[in-house]
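If you're matching positions, the sequence shown starts at 1 in the UniProt record's numbering and goes up one per residue. Beta carbons: idealized from backbone N, C-alpha and C, even for Gly.
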Amino acid sequence: MKKYCLLLLVAFVAAEQQRYDGYEVLRFYPETHEDLAFLAELRKDNRLDFWTEIRRPTTDVMVPPSMMNELQRLLSSHPIAHDTMIPDVQKLVDLQRAGMPEDGSPRAMSWDSYHRLSDIHDYLDELAVTYPDLVTVFSIGESFEGRDLKMIKISSGVATQKIWIDAGIHAREWISPATATYIIRELVENYDANKDIVDTFDWYIFPSHNPDGYEYTHTNVRMWRKTRSDYGDPSGCIGTDPNRNFDYHWMDAPGASDNPCSDIFAGPEPFSESETAAVETFLIPENADGSFKAFLTIHSYAQMWLSPWSWTLELPVDYDDLVCFT
Ligand SMILES: [Zn+2]
Numbered sequence: 001m002k003k004y005c006l007l008l009l010v011a012f013v014a015a016e017q018q019r020y021d022g023y024e025v026l027r028f029y030p031e032t033h034e035d036l037a038f039l040a041e042l043r044k045d046n047r048l049d050f051w052t053e054i055r056r057p058t059t060d061v062m063v064p065p066s067m068m069n070e071l072q073r074l075l076s077s078h079p080i081a082h083d084t085m086i087p088d089v090q091k092l093v094d095l096q097r098a099g100m101p102e103d104g105s106p107r108a109m110s111w112d113s114y115h116r117l118s119d120i121h122d123y124l125d126e127l128a129v130t131y132p133d134l135v136t137v138f139s140i141g142e143s144f145e146g147r148d149l150k151m152i153k154i155s156s157g158v159a160t161q162k163i164w165i166d167a168g169i170h171a172r173e174w175i176s177p178a179t180a181t182y183i184i185r186e187l188v189e190n191y192d193a194n195k196d197i198v199d200t201f202d203w204y205i206f207p208s209h210n211p212d213g214y215e216y217t218h219t220n221v222r223m224w225r226k227t228r229s230d231y232g233d234p235s236g237c238i239g240t241d242p243n244r245n246f247d248y249h250w251m252d253a254p255g256a257s258d259n260p261c262s263d264i265f266a267g268p269e270p271f272s273e274s275e276t277a278a279v280e281t282f283l284i285p286e287n288a289d290g291s292f293k294a295f296l297t298i299h300s301y302a303q304m305w306l307s308p309w310s311w312t313l314e315l316p317v318d319y320d321d322l323v324c325f326t
């Protein structure tokens, strides 16, 4: 009986979703280098959740109620203008979940509420069946927890150039996979209207780059950002920021951390995450002829178009073209 009770308790704990009652999101308005450095120092405290990069003119930070007094004390030593952007995060979480089945039961794809991973993958498979001359669906590998890393290739068989789009590398950015599936819908189901761009480019779209994290945001922690990989760190912290895990100037910028408990943990080594390594393994040979003309990755939130680089303030040689493209 004891064992049975314990099992029930474990099941209950596993299904419990983290709540954000009283969590506030503060919007800071840093002006000076000292302000930015102060925020960077604050970011080392993993109880604070930075919703944006540390930047001017605004930096948004989620603060648990248990830390608000301490934060205000710290700010009294270095005042930075700020106001409350969201007074209670849980209210928004509840609002967002409205209309979504709690048990995650399957639903046909739509774009007026968010969908679980299985809906997204089912949608890709349906398109492959319905539009066999236009769509190919395949997996480029498996996530840490064994989920398929599913890609869709949209090709009318005419183009010689390719475009890559990935979404959902940060688990909690739900609008990102939703945007990717919307683009897929427009290119496939609305092919006649978009024939020009489908005939000009083959589209490789990876709508859920971090499926373990994405599912975890639905079942446990809405604000989870990283993968779910576990390297046995003594602190018990798990997960890597896959967007800090690529083997290009790895750990070479202030926005990455070597602390496994940080939301911007870059992983124990470049491409430690199966989710990023799979992209490299797929793309390098696929782009051996240089046929990929664009690599786009969709994040949220901000109405921003970010172009390389991130690790240096130097501009790439084709920067003017990138700006022109926007
Ligand atoms: Zn992101």
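- Contact between S156 and V198 holds, since their C-beta atoms are separated by about 5 Å, short of 8 Å.
- The three-state reading of DSSP puts I197 in helix, counting H, G and I together.
- Here D21 is not near D94, since their CB atoms are 8 Å or more apart.
- In the assembly as shown, F28 is a buried residue. Its beta-carbon has 16 or more other beta-carbons within 10 Å.
- Shown here, G141 sits in a strand according to DSSP, grouped into three states.
- Collapsing the DSSP output to three states places V129 in a helix.
- Taking non-hydrogen atoms of ligand 1 into account, the C-beta of E53 is found less than 7 Å away from none of them.
- Each of I169, H170, E173, N243, H299, S300 has a C-beta closer than 7 Å to some heavy atom of ligand 1; these make up the full list, in chain order.
- H78 is not bridged by DSSP to any residue.
- DSSP places R27 outside any alpha helix (DSSP H); the residue lies instead in the beta strand (DSSP E), whose first and last residues are 24–28.
- Burial is judged here by how many other beta carbons sit within 10 angstroms of a residue's own beta carbon; L315 has fewer than 16 and is exposed.
- For K162, the uninterrupted beta strand (DSSP E) segment begins and ends at 161–167.
- Looking at the DSSP output, Y204 shares a beta bridge with K153, W164.
- Distance from the CA atom of Y182 to the CA atom of W111, rounded to whole angstroms, is 7 Å.
- Between W164 and T84, the alpha-carbon positions lie close to 37 Å from each other.
- When the five nearest sequence neighbours on each side are left out, the beta carbons in the same chain lying within less than 7 Å of the beta carbon of T160 are those of S291, in order along the chain.
- Per the DSSP secondary-structure output, F292 pairs in a beta bridge with K162.
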